[in-house]
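For what it's worth, our numbering labels the leading residue of the sequence shown as 673, then goes sequentially.
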Amino acid sequence: MAATSSPSTAAAAMWAFAAAACVKLLLVPTYRSTDFDVHRYWLALTHALPARQWYTDASSEWTLDYPPFFAYFSRLLSLPAPFVDASLVDIPVPAAPPSSAYILYLRLTVAFSDLLLLASILLLARDARRRQRPFLALLLVLWSPALLIVDHIHFQYNGFLMGLLLLSLHFLEQGKDLAGGVVFAALLCSKHLFLVAAPVYFVYLFRHYCCGRGLARGLGRLVLMGAGVVAVFAMAFAPFVYYGQMQQLLSRLFPFGRGLFHAYWAPNFWVFYIVLDKILAFLLRRLGFSIEIPEASFTRGLVGDSSPFSVLPKVTPITTFLLVILAMTPCLVKAFANPQSKHIIRWVAYACSCGFMFGWHVHEKASLHFTIPLALIAMDSLDDVRHYFLLSIVSCYSLFPLLFEDQEYPIKVLLLLTYGALMWVGFSSHFAANPAPGGEKLDASDNIVEKKLTGWISLGYLLGMFAIEFWSRLFHHHVYGDRLPFLPLMIVSVYCGIGMMYSWIWQLSWIIRHT
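1) Using the rule of at least 16 other Cβ atoms within 10 Å of the residue's Cβ for burial, across every protein chain shown, is residue 1118 buried or exposed?
2) Verify whether the separation of the beta carbon atoms of residue 942 and residue 1161 is less than 9 angstroms.
3) Using only the alpha-carbon positions, how far apart do residue 897 and residue 1020 sit?
4) For the segment 832 to 843 against the segment 1082 to 1089, are there 3 or more C-beta pairs whose distance is under 8 angstroms?
5) Taking 8 angstroms as the cut-off, does the segment 788 to 801 touch the segment 999 to 1019 (at least 3 CB pairs, one atom from each stretch)?
6) So, is residue 902 buried or exposed, given that buried needs 16 or more other C-beta atoms within 10 angstroms?
7) Rounding to the nearest angstrom, what Cα-Cα distance links residue 1168 and residue 1137 in this structure?
8) So does the segment 1056 to 1067 actually touch the segment 784 to 793, counting three or more Cβ pairs closer than 8 angstroms?
9) Which of helix, strand or coil does DSSP assign to residue 1179?
10) Using the rule of at least 16 other Cβ atoms within 10 Å of the residue's Cβ for burial, across every protein chain shown, is residue 1059 buried or exposed?
11) Could you name the residues of the same chain whose beta carbon sits closer than 6 angstroms to that of residue 696, not counting the 5 residues immediately before and after it, in chain order?
12) May I ask you to check if the CB of residue 758 is nearer than 8 angstroms to at least one heavy atom of the ligand FAD?
13) Hey, could you find the ends of the alpha helix (DSSP H) residue 1033 is sitting in?
14) Is residue 798 helix, strand or coil by DSSP?
15) Please confirm whether residue 711 and residue 751 have their CB atoms less than 9 angstroms apart.
16) Along the alpha helix (DSSP H) that carries residue 1148, what are the first and last residues, could you check?
17) So for residue 933, helix, strand or coil by DSSP?
18) Pick out whichever of 1146, 996, 765, 740 has its Cα sitting closest to the Cα of residue 1078.
19) Measure from the alpha carbon of residue 1032 to the alpha carbon of each residue in 831, 1171, 992, then state which is nearest.
20) Assuming residue 836 and residue 859 make a contact with CB atoms under 8 angstroms, what is their CB distance in whole Å?
21) Thinking just about the alpha-carbon of each residue, which of 933, 981, 939 is nearest to the one in residue 953?
22) Would you mind working out which of 709, 742, 729 sits nearest residue 760, comparing C-alpha positions?
23) Please confirm whether residue 920 and residue 727 have their CB atoms less than 9 angstroms apart.
24) With a cut-off of 8 angstroms, do at least 3 Cβ pairs link the segment 903 to 910 to the segment 734 to 742?
25) Hey, residue 762 and residue 716: beta-carbon distance below 9 angstroms or not?
26) Could you tell me the boundaries of the alpha helix (DSSP H) in which residue 1000 lies?
27) How big is the Cα-Cα spacing for residue 1116 and residue 955?
28) Considering only DSSP beta bridges, list what residue 804 is partnered with.
29) Taking the runs of the alpha helix (DSSP H) that are 4 residues or longer, which of them lie wholly in the segment 714 to 753?
30) With a cut-off of 8 angstroms on the beta carbons, I'd call residue 1007 and residue 872 a contact; round off their distance for me.
31) CB-CB under 6 angstroms to residue 1180, same chain, minus the five flanking residues each way: which ones, in chain order?
32) Of the choices 691, 964, 895, whose alpha-carbon is the least far from that of residue 820?
33) From what residue to what residue does the alpha helix (DSSP H) around residue 1143 run?
34) Measure the C-alpha to C-alpha separation of residue 1100 and residue 1126 and round it to an integer number of angstroms.
35) What residues in its chain sit with their C-beta under 8 angstroms from that of residue 964, if we drop five residues either side in the sequence?
36) Confirm, please, whether the CB-CB distance from residue 1074 to residue 855 is below 9 angstroms.
See below:
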């Protein structure tokens, strides 16, 4: 049986995508972050200048720092731009505010690039065992509020990049390992931050594709896979090797001087490290010790050129790298010992979770790299449902500070509440009619807590977000005035960090026990 979606599922998915596209059109006039200016410049840069100048031009502060395939992608998007607004491809970028046509064009390029995400979702409608996935699992990806916030308000192209990742995972699930490896290589040449999943890909492909088939055949497959990956990287980087710009290009891709933290702290392990450092500094100062407070204060949310701490040891890029690999080791061992395609989505999602929790200069938006794949397996069991229900809400809420203007506040709240209601009703209805693999079955007439779709602790944790919002929106300014402006953001990061840490531990536990 071909690994394609049924006609009814495909039609429903396309209708869901069309509905999401309508929402994206309504979001065109909303707030645009500096990422809009970044991609606006990259569009003009790749159109107006030859490739040899893409990674050397410094006429703007928004220098190109994505791999070459994304630069080629920007070049492709720029081709129709002059017919819409000639200033779209002007270098330097005009200082005047962009026209309505200008804004609409760039917004539509994001929506158009989401077609790759739709195509990947349609292919993934059947799982590794060729069974039909629940339509709700596909809907959870297409209607992800986090993706809408990051791509269609804040402004990025994560839908396109996630489409590449999911396409690669589809090939691996269906046993087409060579195609999966080549597509993943193309993804790395589009956004290098997915490198965190490379160890899982390497171990899985080596064991599943190359080993156990005899020495000669295994070596042949290893050479074939290597040749495919090298060919992709050659297409991406060969021109810049020829121009003698690889050192410049790599310095753009890996700017370790930016420091451990982004301006808004991602809710990961390092949030607790910062808080512990500040508590220790406060206590030691009260005890009479002379503790120097670093000039680059984390509580101001600034991007520093280093990672200063008052008491705890300074964290270096190599430290974070070793922690990521250490956290990933149980997954790598499992993938090496028993490489089964039915687990590949979970393994890759976990690898991305490790990068998010322990990586260097992590952006809060990187949570999309594991929440989107996990949506596809969210209905594999009641345990997966409970985990995803919590994780998706925490992930989306952690993105709220990205949209800080008042006019966007109702939008982000409505998107999250709608998604939460969709999960509540959809999960309950699905398991009321279909027993989970373990034999558990929900009664749709009973409430969500009694039937353990979420427990009292997790429900209490989720309700705590309402308390944080009330404090941030209503009371913080009255209590502190203009002092401690970063405190609400810090509270959100720490609180969501608890949920993210729980998710990472849950994924690790599941992988150790079940794969």
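Backbone N, C-alpha and C define an ideal beta-carbon position, used for all residues, glycine too.
Working from what's here:
1) Legend: pLDDT at residue 1118 = 48, less than 50; position of this residue unreliable, no value from coordinates given.
2) no
3) 19 angstroms
4) Under the 8 angstroms Cβ criterion, the segment 832 to 843 does not count as touching the segment 1082 to 1089, having fewer than three qualifying pairs.
5) yes
6) Counting Cβ neighbours within 10 Å, residue 902 comes out exposed, since fewer than 16 surround it.
7) Those two C-alpha atoms are separated by around 9 angstroms.
8) no
9) helix
10) buried
11) 783, 824
12) In the structure on display, the ligand FAD does not appear, and there are no ligands present to speak of.
13) Per DSSP, residue 1033 belongs to no alpha helix (DSSP H) and is neither H nor E.
14) Of the three classes helix, strand and coil, the one that applies to residue 798 here is strand, per DSSP.
15) Contact flag unset, no.
16) 1148 to 1152
17) strand
18) 1146
19) 992
20) That pair is a contact at about 4 angstroms.
21) Of the candidates 933, 981, 939, 981 places its Cα closest to the Cα of residue 953.
22) 709
23) yes
24) yes
25) Yes, the pair counts as a contact, with Cβ atoms nearer than the cut-off.
26) 989 to 1009
27) Since pLDDT at residue 1116 reaches only 47, below the 50 mark, its modelled position is unreliable, and no value is offered.
28) 798
29) 740 to 750
30) 6 angstroms
31) none
32) 691
33) Residue 1143 -> no alpha helix (DSSP H), and no H or E assigned at all.
34) The alpha-carbon atoms of residue 1100 and residue 1126 are separated by roughly 11 angstroms.
35) 982
36) no
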